[in-house]
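Below is one structure, written out as C-alpha cells, with a few remarks after it.
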Amino acid sequence: MTRSRLCAAVAALTCTASALLAGPVDINVGKPGAPIQPTMYGIFFEDINFAADGGLYAELVKNRSFEFPQDALQGWKAFGRVEVRDDGPFDRNPHYVRLYEPGHRHKWTGLDNEGFFGIGLKEGETYRFSVWARVPQGGRAVLRVEFINTASMGEQQFFTQERVTVDSRDWKQYEVVMKAAKTDPKATLRIFLESRDVTVDLEHVSLFPTDTWKGHRNGMRKDLAQALADLHPGIFRFPGGCIVEGADLDTRYNWKNTVGPVENRPLNENRWEYTFPHRFFPDYFQSYGLGFFEFFQLSEEIGAEPLPILSCGLACQFQNDSPDAHVPVAELQPYIQDALDLIEFANGGTDTKWGALRAEMGHPAPFNLKFIGIGNEQWGPEYPEHLEPFVKAIRAAHPEIRIVGSSGPNSEGDQFDYLWPEMRRLGADLVDEHFYRPYEWFLSQGARYDNYDRKGPKVFAGEYACHARGRKLNHFYASLLEAAFMTGLERNADIVHMATYAPLFAHVEGWQWRPDLIWYDNLRSFRTASWHVQQLYSEFKGQNVLKTTMDGASVSGAEGQDGIFASSVMDGGKVYVKVVNTAAEPRTVRLNFTGLKKGQAVEPVERIRFTSDKLYEDNSIELPDQYKPVRGTFTGRPVTAAERAQAAGQKPTRAQLRSLDRSVDVNLAPYCFDIYVFEL
Ligand code: AHR
Numbered sequence: 007m008t009r010s011r012l013c014a015a016v017a018a019l020t021c022t023a024s025a026l027l028a029g030p031v032d033i034n035v036g037k038p039g040a041p042i043q044p045t046m047y048g049i050f051f052e053d054i055n056f057a058a059d060g061g062l063y064a065e066l067v068k069n070r071s072f073e074f075p076q077d078a079l080q081g082w083k084a085f086g087r088v089e090v091r092d093d094g095p096f097d098r099n100p101h102y103v104r105l106y107e108p109g110h111r112h113k114w115t116g117l118d119n120e121g122f123f124g125i126g127l128k129e130g131e132t133y134r135f136s137v138w139a140r141v142p143q144g145g146r147a148v149l150r151v152e153f154i155n156t157a158s159m160g161e162q163q164f165f166t167q168e169r170v171t172v173d174s175r176d177w178k179q180y181e182v183v184m185k186a187a188k189t190d191p192k193a194t195l196r197i198f199l200e201s202r203d204v205t206v207d208l209e210h211v212s213l214f215p216t217d218t219w220k221g222h223r224n225g226m227r228k229d230l231a232q233a234l235a236d237l238h239p240g241i242f243r244f245p246g247g248c249i250v251e252g253a254d255l256d257t258r259y260n261w262k263n264t265v266g267p268v269e270n271r272p273l274n275e276n277r278w279e280y281t282f283p284h285r286f287f288p289d290y291f292q293s294y295g296l297g298f299f300e301f302f303q304l305s306e307e308i309g310a311e312p313l314p315i316l317s318c319g320l321a322c323q324f325q326n327d328s329p330d331a332h333v334p335v336a337e338l339q340p341y342i343q344d345a346l347d348l349i350e351f352a353n354g355g356t357d358t359k360w361g362a363l364r365a366e367m368g369h370p371a372p373f374n375l376k377f378i379g380i381g382n383e384q385w386g387p388e389y390p391e392h393l394e395p396f397v398k399a400i401r402a403a404h405p406e407i408r409i410v411g412s413s414g415p416n417s418e419g420d421q422f423d424y425l426w427p428e429m430r431r432l433g434a435d436l437v438d439e440h441f442y443r444p445y446e447w448f449l450s451q452g453a454r455y456d457n458y459d460r461k462g463p464k465v466f467a468g469e470y471a472c473h474a475r476g477r478k479l480n481h482f483y484a485s486l487l488e489a490a491f492m493t494g495l496e497r498n499a500d501i502v503h504m505a506t507y508a509p510l511f512a513h514v515e516g517w518q519w520r521p522d523l524i525w526y527d528n529l530r531s532f533r534t535a536s537w538h539v540q541q542l543y544s545e546f547k548g549q550n551v552l553k554t555t556m557d558g559a560s561v562s563g564a565e566g567q568d569g570i571f572a573s574s575v576m577d578g579g580k581v582y583v584k585v586v587n588t589a590a591e592p593r594t595v596r597l598n599f600t601g602l603k604k605g606q607a608v609e610p611v612e613r614i615r616f617t618s619d620k621l622y623e624d625n626s627i628e629l630p631d632q633y634k635p636v637r638g639t640f641t642g643r644p645v646t647a648a649e650r651a652q653a654a655g656q657k658p659t660r661a662q663l664r665s666l667d668r669s670v671d672v673n674l675a676p677y678c679f680d681i682y683v684f685e686l
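The sequence shown begins at 7 in the numbering used here and counts up by one.
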C-alpha cells in the first residue's frame with residue numbers, strides 16, 4: 007500500500023470527534039477463554055402483571071369455569087334466570103351455570119363476559135368459541151354467541167354472531183369458529199339463550215384465537231410468544247418468582263394442579279392480586295391453563311432449556327413472620343416427592359405414572375429436563391434446612407439433574423453472605439442471585455464477578471433489572487446500564503452460567519411491578535429498550551470469552567476508564583466486541599487485537615449501535631419501535647502499529663515492525679451500546 011493510501015485508510019479509522027481514551031482496549035484473539043454456556047441468556051416468567059391469564063395465555067374469557075371464590079360470576083354479567091350450581095362434570099372445578107327459560111316472552115336469559123380488560127378481537131381473524139354443555143331435561147337449546155360492542159351507537163350491538171345447538175342430556179363439548187367482522191380491543195362475549203322452554207347448563211366457556219403460537223388449541227398469544235422466541239433464550243425459568251412460594255402454602259404454585267385436562271385444573275389465587283394495595287386487582291387468579299406442560303412445550307419450541315422452580319416448603323417470607331406458616335423439615339416429604347415426580351413428568355418413560363400423563367397430553371418424548379430450582383427468594387437458616395433433604399433426595403434419584411439454590415432477595419449483605427457458603431456446603435450447582443438495583447449499583451458492579459470463587463457453585467443471575475430511584479418505569483438509560491453491567495456477566499462466563507431479566511411481561515392496564523421486558527394491551531405489544539439489550543447479548547452470545555482489558559484491567563467502568571465497559575467473545579471465525587459508553591460525551595476507543603497469527607487479518611463486518619438522546623423514555627404501545635438498535639456496515643481496516651506510525655509520518659520502531667497486533671479506533675456516541683463484528 008502506498009503511503010498516501012495508507013494515510014487515508016488510517017484517517018478513515020481515526021476519530022476526529024473526541025479524544026482517544028488513554029489505554030487501548032486489548033482483545034486477545036489468540037487464546038479463546040471459557041466457553042459461554044448455551045444457557046447464558048434467558049427468560050424469567052412469572053404470572054405477575056397479568057402475564058399468564060390476560061397475557062401470554064391466549065384465553066380471552068375471564069373466570070371461564072365460574073370458580074372465582076368471592077363471586078362465581080365475577081367477570082360475567084348474567085341476565086334473565088341464571089343459577090350457579092356446583093355439581094358439575096369436573097371435580098376440581100365443580101361450578102357451572104344453569105340457564106333457565108326466562109319466564110316471560112319479552113325476557114331473555116344469557117351471560118356476558120368482559121374478558122381481561124375487555125376482549126381483544128381483530129377484523130378477519132377467527133376465534134374458537136367452545137363450551138361444555140348439556141340440556142338436563144332434554145330438548146334443544148340454541149345459543150346465540152356474539153361479539154358485541156356494548157358502547158355501540160349502531161342499530162345492533164353485535165358485530166359477529168354464530169349459533170351453537172346443545173342437544174344432549176350428557177355433558178359434551180361444543181364449539182364454533184367465529185370470524186371477527188371488525189377490530190375491537192375491548193369487545194364483550196355474549197351468550198344468549200335463544201330457545202324457549204328449555205334449560206341448558208354451561209361449563210368451561212372458552213374463546214381462543216385460532217391463530218395461536220404454533221397453532222396449539224390451548225395456546226399462547228402469538229405476538230408475545232414470538233417476542234420470547236426472538237430473544238433466542240438459552241434458559242426458560244418458570245413459574246416465578248414469589249408466586250412459587252405463595253402468601254400461604256395453600257396458595258403456593260403446585261405444579262400438579264397445572265397438568266392434565268385444562269377443564270379440571272383448579273383455580274389458584276394470584277398473590278399479585280393484593281400485594282400492592284395501591285395497585286389492587288381483585289379479579290387476578292391463576293386458571294393454570296398455562297401450566298407445566300405448556301411451559302415445557304414452549305421451552306422446547308423457543309429452543310430454551312426449561313428451569314422449573316419449586317416450593318421448598320417455605321411460604322413467602324416477606325409475608326409471613328410466624329414459623330408456623332412453613333412446613334416443618336420433618337414433614338417435607340410430599341414436597342420432595344413433588345420435585346421427584348416433576349422430573350418423572352418431564353423425563354420419565356411413558357410407562358411411568360407422570361411420564362404417561364405427559365404422553366397423554368401430547369408429548370411422549372421426554373422434555374429432557376436438566377435443571378431444577380428449589381425455593382425462590384428464601385433466607386435465614388430455615389432455607390438451607392429445608393433445601394438439604396431435597397438435595398439429598400434429588401442427588402440420590404437423579405444425579406444428572408443440576409440443582410439451583412438461592413442467595414435470597416438481596417444482591418449483598420448479611421443474608422447473601424450467609425447463604426452463599428451454605429449453598430456451597432450443600433453442593434448446589436448454581437446459586438440464584440436477585441438484584442433490582444439503582445443506577446449507581448449497576449455502574450459500580452461491572453467487575454462484580456471478577457473475583458468470585460471459581461470452584462464453588464455457578465451463578466444464575468435469576469432476576470435483575472435497573473430500577474432508578476424515583477423513575478420506576480422502563481427507560482433507555484436503565485437499559486444502557488444493564489448493557490454495561492452485562493459485559494461483566496460475559497467476561498465471567500466461566501462462572502456465570504445463566505442470566506434472566508425480570509419481570510418479563512406486563513399488561514398496560516394490569517401491571518403491579520415495573521419496569522418489565524415486554525408490554526402489551528389486548529391487541530398490541532411492544533419490546534422495551536431492555537428487551538433489545540437482552541436480544542443483542544443473546545444474538546451475539548458467541549462461543550468463548552476473549553480476554554478484554556484496558557491497561558491490564560477489566561473494562562468495567564472503573565476509575566480512569568471514563569465510563570467505558572467492554573467485553574468480547576469469539577464465535578467461530580468471528581469476534582464480537584461489545585462496548586458501552588455510559589458517559590454524556592462521545593468517546594474514541596482504540597480496539598487493539600493481540601494474539602494474531604502471522605498473516606491473520608481482522609476484517610470489520612458490522613456495527614450494531616443502540617443509542618438515544620432521549621434517556622428517560624422508552625418504546626410504547628403507540629411508538630413501539632422508536633428505540634431499537636441500528637445495524638450498519640463498518641468500514642475501515644485494523645492496521646498494524648508500524649502502519650499507524652508510517653501514516654503519521656514516523657519511522658516505525660523495531661518493536662512496531664515486529665508486532666502482529668492490529669488496532670482500529672471506534673467512535674462511540676454519548677450513551678451508546680455498540681457491538682463491533684470482525685472476521686478473522
Ligand atoms: O419479579 C418480581 C418479584 O421480585 C419476584 O416475584 C420475586 O422473586 C422478586 O422479589
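We put the CB at the ideal spot given by N, CA and C, even for glycine.
Practice task
Using beta-carbon positions only, say whether F373 and A352 come within less than 7 angstroms of one another.
Solution key: Here residue 373 is taken as the residue at index 367 of the sequence shown, counted from 1. Here residue 352 is taken as the residue at index 346 of the sequence shown, counted from 1. Taking 7 angstroms as the Cβ cut-off, F373 and A352 qualify as a contacting pair.
Handout entry: At least 3 beta-carbon pairs within less than 8 angstroms: the segment 208-226 vs the segment 156-166
Key = The count of Cβ pairs closer than 8 angstroms, one atom from the segment 208-226 and one from the segment 156-166, stays below three, leaving the stretches out of contact.
Exercise for the section: Quick one: give me the first and last residue of the alpha helix (DSSP H) that S544 is part of. Expected result: Translated into the one-based positions of the sequence shown, residue 544 becomes position 538. A535 to E545 is the span of the alpha helix (DSSP H), which, as asked, contains S544.
Practice task
Could you name the residues that DSSP lists as bridge partners for E366?
Solution key: As a working mapping, residue 366 is identified with position 360 in the sequence shown. In DSSP, E366 forms no bridge with anything.
Exercise for the section: Go ahead and pull the three-state DSSP assignment for H238. Expected result: Position 232 of the sequence shown, counted from the first residue, corresponds to residue 238. Reduced to three states, the DSSP call for H238 is coil.
Handout entry: Coarse secondary structure for K376, derived from DSSP in three states
Key = Taking the sequence shown and counting its residues from 1, one reaches residue 376 at position 370. Correct three-state label for K376: coil.
Exercise for the section: With hydrogens ignored, establish whether the beta-carbon of P444 is closer than 6 angstroms to any heavy atom of the ligand AHR. Expected result: The residue given as residue 444 occupies position 438 in the sequence shown. Placement of the Cβ of P444 at a distance of 6 angstroms or more from every heavy atom of the ligand AHR is found.
Practice task
Rounded to whole angstroms, what's the CA-CA distance from V502 to Q652? Just pull it up for me.
Solution key: The residue you call residue 502 lines up with position 496 of the sequence shown. The residue you call residue 652 lines up with position 646 of the sequence shown. Cα-Cα distance, rounded: 43 angstroms.
Exercise for the section: Pull up the distance between the alpha-carbon of G124 and that of E181, whole angstroms please. Expected result: Counting from one through the sequence shown, the residue named residue 124 turns up at place 118. Counting from one through the sequence shown, the residue named residue 181 turns up at place 175. Their backbone Cα atoms lie some 21 angstroms apart in a straight line.
Practice task
Would you kindly check if the distance between the Cβ of V31 and the Cβ of M576 is under 7 angstroms?
Solution key: Counted from its first residue, the sequence shown places residue 576 at position 570. Counted from its first residue, the sequence shown places residue 31 at position 25. Going by C-beta atoms, M576 is not nearer than 7 angstroms to V31.
Handout entry: Pairwise C-alpha distance: I681 and E306
Key = Looking up residue 306 in the sequence shown gives position 300. Looking up residue 681 in the sequence shown gives position 675. So the alpha carbons of these two residues sit roughly 29 angstroms apart.
Practice task
Report yes if the CB atom of T194 is closer than 7 angstroms to the CB atom of Y106, and no otherwise.
Solution key: Against the sequence shown, residue 194 aligns to sequence position 188. Against the sequence shown, residue 106 aligns to sequence position 100. No, they are not a contact pair.
Problem - N-terminal and C-terminal residue of the beta strand (DSSP E) that E181 is part of - result: Against the sequence shown, residue 181 aligns to sequence position 175. First-last of the beta strand (DSSP E) with E181: K178 to K185.
Problem - Opposing strand residues paired with H440 [DSSP bridges] - result: The sequence position of residue 440 within the sequence shown is 434, counting from 1. Answer is E469, bridged to H440.
Handout entry: Proximity of L45 and M504 at Cβ, strictly below 7 angstroms
Key = Taking the first residue of the sequence shown as position 1, residue 45 is located at position 39. Taking the first residue of the sequence shown as position 1, residue 504 is located at position 498. The sequence as given places Thr at residue 45; Leu does not occur at that position. Cβ atoms of T45 and M504: closer than 7 angstroms.
Problem - Where the beta strand (DSSP E) containing M5 begins and where it ends - result: Residue 5 lies beyond the stretch modelled for the chain, which goes from 7 to 686, so this question has no answer here.
Handout entry: Counterpart residues of T205 in DSSP-defined beta bridges
Key = Sequence index remark: in the sequence shown, residue 205 carries index 199 (1-based). Beta-bridge pairing links T205 to no other residue.
Problem - Distance cut-off 6 angstroms: C248 Cβ against heavy atoms of the ligand AHR - result: Taking the sequence shown and counting its residues from 1, the one referred to as residue 248 is at position 242. Answer for C248: yes, Cβ within range of the ligand AHR.
Practice task
Determine contact between the segment 404-420 and the segment 434-442, defined as no fewer than three beta-carbon pairs at a distance below 8 angstroms.
Solution key: yes
Problem - CA-to-CA distance, R146 to D173, given in whole angstroms - result: For the purposes of this step, residue 173 is taken as residue 167 along the sequence shown, with counting starting at 1. For the purposes of this step, residue 146 is taken as residue 140 along the sequence shown, with counting starting at 1. Cα-Cα distance, rounded: 5 angstroms.
Practice task
State the start and end residues of the unbroken alpha helix (DSSP H) segment that holds Y389.
Solution key: As a first step, residue 389 must be located in the sequence shown, where it is residue number 383. Segment E388 to A403, the alpha helix (DSSP H) holding Y389.
Handout entry: Given S544 as reference, the closest of G252, I308 and E168 once Cα atoms are compared
Key = Reading the sequence shown from its first residue, position 538 is the one you call residue 544. Cα-wise, what sits closest to S544 is I308.
Handout entry: Coil, strand or helix - P329 by DSSP
Key = As a first step, residue 329 must be located in the sequence shown, where it is residue number 323. Reduced to three states, the DSSP call for P329 is helix.
Exercise for the section: Tell whether a beta-carbon distance below 7 angstroms holds between V581 and V211. Expected result: As a first step, residue 581 must be located in the sequence shown, where it is residue number 575. As a first step, residue 211 must be located in the sequence shown, where it is residue number 205. At a Cβ-Cβ threshold of 7 angstroms, V581 and V211 do not count as neighbours.
Practice task
Specify, as a first and last residue, the run of the alpha helix (DSSP H) that N353 falls within.
Solution key: Within the sequence shown, the letter at position 347 stands for residue 353. Going by DSSP, N353 is part of the alpha helix (DSSP H) stretching over Q339 to N353.
Exercise for the section: Name the two residues that bound the continuous alpha helix (DSSP H) containing I308. Expected result: Translated into the one-based positions of the sequence shown, residue 308 becomes position 302. Counting along the chain, the alpha helix (DSSP H) containing I308 begins and ends at F298 to I308.
Handout entry: Cβ neighbour criterion (16 or more within 10 Å) applied to T8
Key = Position 2 of the sequence shown, counted from the first residue, corresponds to residue 8. Confidence at T8 is low in this model, with a pLDDT of 44, below 50, so the placement of that residue should be treated as unreliable; the coordinate-derived value is given next. Exposed: under 16 other Cβ atoms inside 10 Å.
Handout entry: A675 CB to nearest heavy atom of the ligand AHR below 6 angstroms
Key = Your numbering for residue 675 matches position 669 in the sequence shown. For the ligand AHR, not one heavy atom lies less than 6 angstroms from the Cβ of A675.
Handout entry: Where the alpha helix (DSSP H) through W432 begins and ends
Key = As a position in the sequence shown, residue 432 is number 426, starting the count at 1. Here the sequence assigns Leu to residue 432, which means Trp is not the residue at that position. Its alpha helix (DSSP H) spans residues D420 to L432.
Exercise for the section: Please list, in chain order, all residues of the same chain as P644 whose beta carbon is under 7 angstroms from its beta carbon, the five residues on each side excluded. Expected result: Here residue 644 refers to the residue found at position 638 of the sequence shown. Here the set comprises F599, V608, R668, S669 and V670.
Handout entry: Given R87 as reference, the closest of G246, F72 and R104 once Cα atoms are compared
Key = Position 81 of the sequence shown, counting from 1, holds the residue named residue 87. Per the Cα distances, R104.
Practice task
Please state if the CB of G368 and the CB of L393 are separated by a distance shorter than 7 angstroms.
Solution key: As a working mapping, residue 393 is identified with position 387 in the sequence shown. As a working mapping, residue 368 is identified with position 362 in the sequence shown. Judged by their CB atoms, L393 and G368 are not nearer to each other than the 7 angstroms cut-off.
Exercise for the section: Could you have a look at V88 and say whether DSSP puts it in helix, strand or coil? Expected result: Within the sequence shown, residue 88 is the residue found at index 82, counting from 1. Residue state, collapsed to three classes: strand.
Handout entry: Straight-line gap, T20 to R285 (C-alpha atoms, nearest Å)
Key = Along the sequence shown, read from residue 1 onward, the residue named residue 20 stands at position 14. Along the sequence shown, read from residue 1 onward, the residue named residue 285 stands at position 279. Its pLDDT being 46, under 50, T20 is placed unreliably by the model, and nothing is read from it.
Exercise for the section: Would you list the residues sitting across from I125 in a DSSP beta bridge? Expected result: Looking up residue 125 in the sequence shown gives position 119. According to DSSP, which records beta bridges pairwise, I125 is partnered with A193.
Problem - Contact test: E418 Cβ vs the ligand AHR heavy atom, cutoff 6 angstroms - result: Here residue 418 is taken as the residue at index 412 of the sequence shown, counted from 1. Checking the Cβ of E418 against the ligand AHR gives no.
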